[in-house]
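Trainee:
Residue numbers (this note's numbering): 62 to 347.
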């Protein structure tokens, strides 16, 4: 009887210990204030894991599309990007900005601060303010943790624990199921709610960095005109985002609530055009 009682007590203690460890894990690793709303939220993917996953996904993106070979353009894009990153709510991570060698009109972000714009989308822009709006939108996805949240929702607690073990061992080959998911997510787009949240960032960050915040709506007006063209290189962009008209209306409503004087706000059309006017329209040569 005594030994049996001890056995049962031992099992109970193990169960209790497991519960305590689980609660402690969720509390220590998973609870943090949202960078934008300030509300407490559960986080299964830590910032360190998010950056490691983003880096692996970014490598996959570069392998798929290639990097456009123009050091001066990259320096310029990074300069604009860092101005925006300096005013965003997540400054604990480093942001990287890359121009992809594809005529596809698109821009996307991998978790952890890896931002991509295509030479195709740069060809469609008029000035630096429009560039700032698009890149701020992508930074917004990172700040809101949209990719990390989708990963948490799709894979759940057990898979995220496994992810931690994989990252600890630094076995990048086992990361494929996670990076494939994030790569597809970037191309197919986030939810309507996520896109609207990022659109808000696409106005706030440029204004805070000294840009004309109307750049975002101006570029969306261009996108709306593109919707009437044959799908081709624009197809993925329109399929993966909410209706452009809805987004323009929401942004305009937000702009009406924000007080700003356009005089003195940055446009930099001449500099932007000098670096982008000769971008090729065709697919890269193999």
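Cβ atoms here follow ideal geometry from the backbone N, Cα and C, with glycine treated the same way. Fair warning: this is a prediction, and the values are worked out from it, not measured in the lab.
1) Give me, in chain order, the residues of the same chain whose beta-carbon lies closer than 8 Å to that of residue 168; leave out the 5 immediate sequence neighbours on both sides.
2) Using three-state DSSP, classify residue 119 as helix, strand or coil.
3) Considering residue 342, what are the terminal residues of the beta strand (DSSP E) in which it resides?
4) With DSSP as the reference, label residue 328 as helix, strand or coil.
5) Please classify residue 265 as buried or exposed, where buried requires at least 16 other C-beta atoms within 10 Å of its C-beta.
6) Any chance the region 277-291 sits against the region 147-162, with 3 or more Cβ pairs inside 8 Å?
7) Going by DSSP, what residue range makes up the beta strand (DSSP E) through residue 175?
8) Starting from residue 24, follow the alpha helix (DSSP H) in both directions and report where the run begins and ends.
9) Given that a residue counts as buried once 16 or more other Cβ atoms are within 10 Å of its Cβ, and exposed if not, what is residue 188?
10) Take residue 315 as the anchor and find which of 263, 285 and 329 has the nearest alpha-carbon.
11) How far does the alpha helix (DSSP H) with residue 244 in it reach, from first residue to last?
12) Are the CB atoms of residue 190 and residue 328 within a distance shorter than 7 Å?
13) Suppose contacts are defined by Cβ-Cβ distances below 7 Å. Is residue 170 in contact with residue 202 by that definition?
14) If we count the other Cβ atoms within 10 Å of its Cβ and call it buried at 16 or more, is residue 109 buried or exposed?
15) Cutting at 6 Å between CB atoms, please list the residues of its own chain near residue 119, excluding the five before and the five after it.
16) Taking the alpha-carbon positions, what's the residue 84 to residue 99 distance?
17) Does the Cβ of residue 217 have 16 or more other Cβ atoms within 10 Å, making it buried, or fewer, making it exposed?
18) Which of the three DSSP states, helix, strand or coil, is assigned to residue 87?
19) Using 8 Å for Cβ pairs, my map puts residue 208 next to residue 116. What's the rounded Cβ distance?
20) What separation, rounded to the nearest whole angstrom, lies between the Cα atoms of residue 128 and residue 345?
21) Taking a contact to mean a Cβ-Cβ separation below 7 Å, would you say residue 267 touches residue 146 in this structure?
22) Might you give, ordered along the chain, the residues of its own chain that have their beta carbon closer than 7 Å to the beta carbon of residue 311, omitting 5 neighbours on each side?
23) Helix, strand or coil: which one does DSSP assign to residue 129?
Mentor: Based on what the coordinates show:
1) In the chain shown, counting from the first residue as 1, residue 168 sits at position 107. If you ignore the 5 residues before and after residue 168, its C-beta comes within less than 8 Å of the C-beta of 176, 177, 178, 179, 182, 195, 196, 198 and 199, all in its own chain and listed in chain order.
2) For the purposes of this step, residue 119 is taken as residue 58 along the chain shown, with counting starting at 1. Judged by DSSP in its simplified three-state form, residue 119 adopts helix.
3) Counted from its first residue, the chain shown places residue 342 at position 281. Premise fails: residue 342 is in no beta strand (DSSP E) and is neither H nor E.
4) As a working note, residue 328 is residue 267 in the chain shown. Here residue 328 sits in coil by DSSP.
5) Start at 1 with the first residue of the chain shown, and residue 265 comes out as number 204. So residue 265 ends up on the buried side.
6) No, because fewer than three Cβ pairs between the region 277-291 and the region 147-162 fall closer than 8 Å, the two stretches do not touch.
7) On the chain shown, residue 175 is found 114 positions in, with the first residue counted as 1. Residues 175-179.
8) The shown model of the chain, from 62 to 347, leaves out residue 24, and the question about it has no answer.
9) Reading the chain shown from its first residue, position 127 is the one you call residue 188. Looking at its Cβ environment, which holds 16 or more other Cβ atoms inside 10 Å, residue 188 is buried.
10) Taking the chain shown and counting its residues from 1, one reaches residue 315 at position 254. Measuring from the Cα of residue 315, the nearest candidate turns out to be 263.
11) On the chain shown, position 183 is the one that residue 244 refers to. The continuous alpha helix (DSSP H) containing residue 244 extends over residues 237-249.
12) Position 267 of the chain shown holds residue 328. Position 129 of the chain shown holds residue 190. Result yes, Cβ atoms of residue 328 and residue 190 sit closer than 7 Å.
13) Taking the first residue of the chain shown as position 1, residue 170 is located at position 109. Taking the first residue of the chain shown as position 1, residue 202 is located at position 141. In contact: residue 170 and residue 202 (Cβ atoms closer than 7 Å).
14) The residue labelled residue 109 in the question sits at position 48 within the chain shown. Exposed, by the Cβ-count rule.
15) Within the chain shown, numbered from 1, the residue matching residue 119 stands at position 58. When the five nearest sequence neighbours on each side are left out, the beta carbons in the same chain lying within less than 6 Å of the beta carbon of residue 119 are those of 171 and 175, in order along the chain.
16) Locating residue 84 in the chain shown gives position 23, where the first residue counts as 1. Locating residue 99 in the chain shown gives position 38, where the first residue counts as 1. Because the pLDDT of residue 84 is 46, which lies under 50, any placement of that residue in the model is unreliable, and the question is left without a value.
17) Numbered from its first residue, the chain shown carries residue 217 at position 156. Exposed: under 16 other Cβ atoms inside 10 Å.
18) The residue you call residue 87 lines up with position 26 of the chain shown. At residue 87 the pLDDT is 46, less than 50, meaning the model places this residue with poor confidence; the figure from the coordinates comes in the next sentence. Helix at residue 87.
19) Your numbering for residue 208 matches position 147 in the chain shown. Your numbering for residue 116 matches position 55 in the chain shown. Wrong, their Cβ atoms sit about 13 Å apart, outside the cutoff.
20) Translated into positions along the chain shown, residue 128 becomes position 67. Translated into positions along the chain shown, residue 345 becomes position 284. Between residue 128 and residue 345, the alpha-carbon positions lie close to 10 Å from each other.
21) Taking the chain shown and counting its residues from 1, the one referred to as residue 267 is at position 206. Taking the chain shown and counting its residues from 1, the one referred to as residue 146 is at position 85. Against a cut-off of 7 Å, the Cβ pair of residue 146 and residue 267 comes out as no contact.
22) As a first step, residue 311 is located in the chain shown; it is residue number 250 there, counting from the start. Cβ neighbours of residue 311 beyond the five flanking positions: 257 and 260.
23) Here residue 129 refers to the residue found at position 68 when the chain shown is read from its first residue. Note: residue 129 maps to coil in three-state DSSP.
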